[in-house]
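Here is the structure we will look at.
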Amino acid sequence: MSSTTLCENKYNDKDSNEQELHNKKRIILFAFNNTEASRAIYQWALENYFQSETDHIYLLSVIKTPQILSQTRTADLWIFGAGMLSGVAVEMFNYKEYLHWQQKKEAEVRSYLEELKNELSSRNITSSMIIIEGNPHDEILNVCDNVNPDVVLMGTSLNKKNLFSRSSSKVSVLQKKLTSTPIVTLSRENKPQQLNSDSSKKKIRKTFGFIKHSLCQRASYSSLSKEKNTYTKLE
Numbered sequence: 001m002s003s004t005t006l007c008e009n010k011y012n013d014k015d016s017n018e019q020e021l022h023n024k025k026r027i028i029l030f031a032f033n034n035t036e037a038s039r040a041i042y043q044w045a046l047e048n049y050f051q052s053e054t055d056h057i058y059l060l061s062v063i064k065t066p067q068i069l070s071q072t073r074t075a076d077l078w079i080f081g082a083g084m085l086s087g088v089a090v091e092m093f094n095y096k097e098y099l100h101w102q103q104k105k106e107a108e109v110r111s112y113l114e115e116l117k118n119e120l121s122s123r124n125i126t127s128s129m130i131i132i133e134g135n136p137h138d139e140i141l142n143v144c145d146n147v148n149p150d151v152v153l154m155g156t157s158l159n160k161k162n163l164f165s166r167s168s169s170k171v172s173v174l175q176k177k178l179t180s181t182p183i184v185t186l187s188r189e190n191k192p193q194q195l196n197s198d199s200s201k202k203k204i205r206k207t208f209g210f211i212k213h214s215l216c217q218r219a220s221y222s223s224l225s226k227e228k229n230t231y232t233k234l235e
């Protein structure tokens, strides 16, 4: 099923105003799924990283679309997620029930994104909501292609079983494709860290302060300032 932008923000419709926004502000894509990890990095960024009047935050939430696994005369067997059945929730329900679930999920997502948007606005930080149906991995890449963020913020779960786990093969692809854009999350110690691999031959370094490269090919932020991004090419 192809993705659909459900909110008012048409991120793929570029105009002069959006180009002006990119020229004047640091663009931050925040992938938020209302998990404990997402809320933790949001609170950290709100207090330590987001800068009023000079940042624009794209609040992105991807609603996973179920796939039809098989069809019967009375109902369809839907699978939420992709790939293997093991560990994936599978339900029997008809299409009307799916539409009801979709509307309920969209309302839930819109509600918590609007809360974030209002809180950012109270601190003079502009933001836009993007609510999309699809595969989170694919849609994050699509949105990055369209809004060209200076940095991507996202949460990780402690059990490392979600999209952003380093053990996930899809994350490896995500990191390789976004080598020119820092992907920042919080470590288990609630310290900011960059997930992008240092193994790429060329990438653009986004400097927020001092970025320390560790032996495990992960760049961790030892200190982060709220200064505007500067760009330094690394060979």
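Residues in the sequence shown are numbered consecutively from 1, following the UniProt record's numbering. Even glycine gets a Cβ: it sits at the ideal position worked out from N, Cα and C.
Near residue 52, what residues of its chain come up, given a Cβ to Cβ distance below 6 Å and the 5 sequence neighbours on each side ignored? Indexing the sequence shown from 1 puts residue 52 at position 52. So the qualifying residues of the chain are 123, 124 and 125.
Relative to the C-alpha of residue 107, which candidate in 142, 132, 42 and 153 has its C-alpha closest? Translated into the one-based positions of the sequence shown, residue 107 becomes position 107. Shortest Cα-Cα distance from residue 107 to any of 142, 132, 42 and 153 involves 132.
Proximity below 7 Å, CB of residue 151 to CB of residue 182: By one-based count along the sequence shown, residue 151 stands at place 151. By one-based count along the sequence shown, residue 182 stands at place 182. Yes.
C-alpha gap between residue 73 and residue 63, whole angstroms: Counted from its first residue, the sequence shown places residue 73 at position 73. Counted from its first residue, the sequence shown places residue 63 at position 63. Its pLDDT being 47, under 50, residue 73 is placed unreliably in this model, and the value from its coordinates should be taken loosely. Between the C-alpha atoms of residue 73 and residue 63 there is a straight-line separation of about 27 Å.
So, residue 59 versus residue 129, is the Cβ gap smaller than 7 Å? Locating residue 59 in the sequence shown gives position 59, counting from the first residue. Locating residue 129 in the sequence shown gives position 129, counting from the first residue. It is a contact, given that the beta carbons lie within the stated cut-off.
Do residue 61 and residue 32 come within 7 Å of each other at the CB atom, strictly closer than that value? Taking the sequence shown and counting its residues from 1, the one referred to as residue 32 is at position 32. Taking the sequence shown and counting its residues from 1, the one referred to as residue 61 is at position 61. Yes, the Cβ-Cβ distance between residue 32 and residue 61 is below 7 Å.
Sub-7 Å separation of residue 25 and residue 54 beta-carbons: Taking the first residue of the sequence shown as 1, we reach residue 25 at position 25. Taking the first residue of the sequence shown as 1, we reach residue 54 at position 54. Going by C-beta atoms, residue 25 is nearer than 7 Å to residue 54.
In the structure shown, what three-state DSSP assignment does residue 122 receive? Here residue 122 refers to the residue found at position 122 of the sequence shown. The DSSP-derived three-state label of residue 122 is helix.
Cα-Cα separation, residue 104 to residue 111: Numbered from its first residue, the sequence shown carries residue 104 at position 104. Numbered from its first residue, the sequence shown carries residue 111 at position 111. The straight-line gap from Cα to Cα measures roughly 11 Å.
Residue 141: first and last residue of the uninterrupted alpha helix (DSSP H) it sits in: Indexing the sequence shown from 1 puts residue 141 at position 141. Per DSSP, residue 141 belongs to the alpha helix (DSSP H) from 136-147.
Which of helix, strand or coil does DSSP assign to residue 178? Sequence index remark: in the sequence shown, residue 178 carries index 178 (1-based). In this structure, residue 178 counts as coil in the three-state DSSP scheme.
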